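Residue numbers (the numbering used here): 100 to 597.
Here a beta-carbon is modelled for each residue, glycine too, at the ideal position from N, C-alpha and C.
As the structure is a computational prediction, the values presented were derived from the model and not from experiment.
Report on the following structure.
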């Protein structure tokens with residue numbers, strides 16, 4: 100039988116299972132949405148059982164489709180969103196919902212760490228930015244709240260670890276996901292003693308760390324067995340950001356990647372960690388020789404979805420005609436002096452402060468919906484450009500920009516990114532880049548392919564910067580940054596009064 104590979108991605112908005120032919124061609128996509136619960140206190144949580152059920156469902160659907168189509172599922176690779184944290188008891192039962200990367204409640208704990216010398220020590224040990232997203236900050240917040248779930252009998256895991264436990268009955272975590280916890284030491288490749296001491300937990304309350312290319316066989320989950328996956332090799336995989344770089348073939352420091360799903364990230368692949376306490380780029384493990392370095396932003400597709408749903412009655416979807424009309428309208432107008440600060444969900448990089456908020460500045464009666472959307476899209480790309488500037492100051496010298504994610508998969512956004520970054524843009528139409536990366540890492544782990552084969556067959560489209568736009572966007576970017584400085588001054592003044 101012809102073999103196929105399934106790449107599974109536990110995203111924030113949905114979980115997906117992408118079915119790939121062994122030659123890399125995507126055969127079918129299965130997706131299931133998951134709900135995020137937002138509260139007025141800034142919390143953002145997901146039900147771990149719901150995520151596990153949805154993940155098992157899409158994997159079973161993919162396996163059944165493969166069987167009906169005459170394929171044998173040789174490999175399954177796993178990707179997942181970073182920074183989730185939930186508490187389970189000794190029986191592996193969840194005691195809490197999973198706090199995800201958008202949860203702003205631990206902001207004060209993260210800001211206190213940033214202001215103390217110990218924060219710099221932690222950052223340079225772990226490569227994880229000090230922010231409310233970090234599971235370390237979440238554990239510190241639980242300590243401040245005197246949470247009854249913070250005790251020696253419980254275990255602290257991510258959603259990916261919880262799903263894996265349902266499938267194999269083992270508490271393990273790959274090095275990439277461990278790195279996103281803020282408690283993994285990049286130098287000793289193990290849990291960091293200082294971080295554990297601050298969190299007030301022991302190493303046996305965390306999962307065992309394994310390499311990203313670790314393979315497992317023999318699922319215990321009955322539904323997966325019935326779907327014919329008993330003999331399938333499962334690769335533990337990595338985090339979604341790391342695998343998105345792999346999925347688009349960005350394996351060198353000259354290829355900078357922007358991925359825009361619910362969130363946004365700017366990343367490149369390096370052969371050593373990059374530390375810069377001022378800008379705090381993350382460094383997460385891909386394998387023994389490669390790291391993925393970059394900055395994560397809350398200002399991604401969630402911002403555009405919010406604008407479209409709340410003000411324009413639409414949503415971001417490739418098959419949504421209204422979204423296509425609105426995007427076409429936005430491409431035909433000039434935002435002029437209208438500037439959008441895309442921080443309605445707080446912010447990670449480059450601001451590292453969950454208390455930030457968004458704004459349109461320069462609004463006038465003549466502005467229409469097209470101007471609002473145009474300014475919003477520009478603001479999101481300006482924010483990504485700001486993150487890239489921090490990476491450049493840390494030594495990155497990108498020569499090309501690779502785009503992935505549905506919000507960027509159109510000619511207008513490709514040209515906008517090329518004009519603002521003043522770099523050639525490569526649009527990589529691979530569907531879910533993280534799922535493809537998960538499938539490719541599984542194939543690497545099994546020895547089916549080598550790294551030089553990762554980019555083979557990728558559908559690339561090129562867009563080049565318009566030099567005439569360089570001055571215009573440089574001026575708009577400076578205005579964007581000046582407004583951010585004003586907002587930061589206002590936030591600092593408010594904080595000092597409190």
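- Taking a contact to require three or more Cβ pairs closer than 8 Å, the segment 368-381 and the segment 489-503 qualify as touching.
- Residue 280 and residue 409 have their alpha carbons spaced roughly 33 Å apart.
- The DSSP-derived three-state label of residue 401 is helix.
- Within the same chain, 513, 514, 517 and 524 come within 6 Å of residue 562 by CB-CB distance, once the 5 residues on both sides are set aside.
- In the structure shown, residue 105 falls within a strand segment according to DSSP collapsed to helix, strand and coil.
- In this structure residue 322 is in contact with residue 159, their Cβ atoms being roughly 6 Å apart against a cut-off of 8 Å.
- Straight-line spacing of the CA atoms in residue 352 and residue 398 works out to 24 Å.
- When 452, 471 and 161 are compared, the shortest CA-CA separation from residue 434 is found for 471.
- Under the DSSP definition of a beta bridge, residue 197 partners with 145.
- Distance from the CA atom of residue 451 to the CA atom of residue 520, rounded to whole angstroms, is 22 Å.
- DSSP, read as helix, strand or coil, puts residue 303 in helix.
- Residue environment: residue 260 is assigned as buried (16 or more neighbouring CB atoms within 10 Å of its CB, all protein chains considered).
- Assignment of beta strand (DSSP E) within the segment 111-169, counting only whole runs of 3 or more residues, yields 113-120, 125-132 and 143-145 in chain order.
- Taking a contact to require three or more Cβ pairs closer than 8 Å, the segment 341-356 and the segment 496-505 qualify as touching.
- Counting along the chain, residue 206 sits inside no beta strand (DSSP E); it lies in the alpha helix (DSSP H) bounded by residues 206-214.
- Residue 130 and residue 302 have their alpha carbons spaced roughly 35 Å apart.
- Shortest Cα-Cα distance from residue 438 to any of 380, 453, 447 and 460 involves 460.
- Its chain contains 108, 130, 531 and 534 as the residues whose beta carbon lies nearer than 6 Å to that of residue 115, once the 5 sequence neighbours on both sides are disregarded; these appear in chain order.
- Looking at the backbone, the Cα of residue 485 and that of residue 349 are separated by about 20 Å.
- Between residue 412 and residue 360, the C-beta gap is not smaller than 8 Å, which leaves the two residues out of contact.
- Nearest to residue 273 by C-alpha distance, out of 249, 555, 247 and 312, is 312.
- For residue 427, the enclosing alpha helix (DSSP H) covers residues 420-430.
- A straight line joining the alpha-carbon of residue 490 with that of residue 266 spans about 38 Å.
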